[in-house]
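So the sequence shown is numbered by the numbering used here: it starts at 1428 and just counts up by one. By construction, the Cβ of each residue, glycine as well, lies at the ideal position given by its N, Cα and C atoms. The block underneath contains the structure these notes are about, expressed in structure tokens.
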Amino acid sequence: MVRPATTVFDIILTRPAAEALRWATGLRTAGHRVKTWPLIELNPLTDVMRLRAALDAWHGFQAVMFVSRAAVTHALGRMTPKDGWGVTRCWATGPGTRQALREVGVPDSLIDSPPPDAAQFDTETLWTVVQHTLHPARPVLLLRGSDGEQEDPLSQGAGRDWLLRQLAIHGVPVEIVSVYQRTVPHWDKHRLKEAREAAHNGSVWLFSSSQALENLASLLPEQDWSATRALATHARIAQTAKDMGMGQVFFCRPNVNEVLALLESLA
């Protein structure tokens, strides 16, 4: 049960629209005023031949790594492996991705992810769960998003770069398939004006991606963020916010109840 907030905040959710709904519901239930301003737009890739080929080879992979909830929905929401799930493991870095795998029918017994009480949900923590189960020379499939049709397939972000290095050290080949495209959203003059005001009016921005922060910086390149309050769901994201010059940056795990608790501490 969500407890009513003692102090009501204006919260700005920056997650992709489909992922923000559950967060908005929980925060509004507590009484907060919530604005959903996605800073990453997700679009399906039109060429699905590589995805179909990868899913046809599903049973040849020892594991399939889903980098996000969106990777699950854009891959397995369109098509599923032939002949069922088999024994191939499904890797998820956080509870949202794990839940998305459950929703498309993957048995819980096949999903590997950080424990619910993990200090952080990331590839480093996932690695501690899966590293002792790896079989050298048997491939892993990595399903991810792309920032452009010609993007370098090895350009993954800090956490996934690190995972690729660990797999290479252990002799595990990796196949990478992009299943959706990330783009910077278009904000009209009204949204840009609101965002400038929210940078200094006491609103609390919630960031779950360093790329969201980078997109925000590109949308408002001259903005002074020194009076901005931000919650970040990972230490790397928090550091990106600080590097942008945001004045108050707080780390909180990606859990609605923990976000609510942190907001109470700010009251």
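Classification of residue i by the beta-carbon crowding that lies within 10 angstroms, buried from 16 upward
{"i": "H1613", "result": "exposed"}
{"i": "P1681", "result": "buried"}
{"i": "V1531", "result": "exposed"}
{"i": "R1449", "result": "exposed"}
{"i": "E1576", "result": "Note that E1576 scores a pLDDT of 47, beneath 50, so its modelled location is shaky; the value from the coordinates is reported in the next line. Exposed is the call here."}
{"i": "S1536", "result": "exposed"}
{"i": "L1619", "result": "exposed"}
{"i": "L1693", "result": "exposed"}
{"i": "D1549", "result": "buried"}
{"i": "S1637", "result": "buried"}
{"i": "A1662", "result": "exposed"}
{"i": "A1688", "result": "exposed"}
{"i": "R1565", "result": "exposed"}
{"i": "S1645", "result": "exposed"}
Alpha-carbon to alpha-carbon, residue j and residue i
{"i": "D1615", "j": "T1555", "result": "44 Å"}
{"i": "T1500", "j": "V1533", "result": "12 Å"}
{"i": "S1540", "j": "P1431", "result": "31 Å"}
{"i": "E1691", "j": "T1473", "result": "44 Å"}
{"i": "A1551", "j": "I1596", "result": "For the record, residue 1551 in the displayed sequence is Glu; it is not Ala. One C-alpha to the other measures close to 15 Å."}
{"i": "R1455", "j": "Q1526", "result": "22 Å"}
{"i": "T1660", "j": "P1465", "result": "16 Å"}
{"i": "W1589", "j": "R1571", "result": "15 Å"}
{"i": "H1459", "j": "I1438", "result": "7 Å"}
{"i": "A1481", "j": "P1508", "result": "9 Å"}
{"i": "A1668", "j": "N1684", "result": "22 Å"}
{"i": "E1468", "j": "P1522", "result": "21 Å"}
{"i": "I1538", "j": "A1484", "result": "18 Å"}
{"i": "E1602", "j": "A1545", "result": "28 Å"}
{"i": "Q1593", "j": "E1621", "result": "43 Å"}
{"i": "V1611", "j": "N1642", "result": "6 Å"}
{"i": "E1649", "j": "G1598", "result": "46 Å"}
{"i": "C1517", "j": "I1664", "result": "25 Å"}
{"i": "P1600", "j": "A1498", "result": "20 Å"}
{"i": "S1573", "j": "R1496", "result": "14 Å"}
{"i": "T1433", "j": "P1542", "result": "31 Å"}
Integer Cβ distance of residue i from residue j, believed to fall under 8 Å
{"i": "V1461", "j": "A1451", "result": "5 Å"}
{"i": "A1444", "j": "T1463", "result": "7 Å"}
{"i": "T1515", "j": "V1491", "result": "6 Å"}
{"i": "G1453", "j": "H1486", "result": "That pair is no contact at about 38 Å."}
{"i": "Q1489", "j": "H1562", "result": "5 Å"}
{"i": "F1634", "j": "T1441", "result": "6 Å"}
{"i": "V1429", "j": "A1447", "result": "Their Cβ separation, rounded to whole angstroms, is 17 Å, which puts V1429 and A1447 out of contact at 8 Å."}
According to DSSP, residues forming a beta bridge with residue i
{"i": "I1438", "result": "V1461 and V1631"}
{"i": "I1603", "result": "L1569"}
{"i": "C1679", "result": "Beta-bridge pairing links C1679 to no other residue."}
{"i": "W1652", "result": "Looking at the DSSP assignment, W1652 forms no beta bridge with any residue, so it has no partner."}
{"i": "P1612", "result": "In the DSSP output, where bridge partners are listed per residue, P1612 has none listed."}
{"i": "V1491", "result": "C1517 and L1568"}
{"i": "N1470", "result": "Q1608"}
{"i": "L1658", "result": "L1633 and F1677"}
{"i": "D1539", "result": "W1518"}
### Query
Below 8 Å, can you find three or more Cβ-Cβ pairs linking the stretch 1648 to 1659 to the stretch 1620 to 1627?
Segments in contact, yes.
### Query
Would the stretch 1668 to 1685 and the stretch 1501 to 1512 be scored as touching if the rule is three or more Cβ pairs under 8 Å?
no
#### Entry: contact_flag[the stretch 1473 to 1482, the stretch 1597 to 1611] where n(CB pairs < 8 Å) is 3 or more
yes
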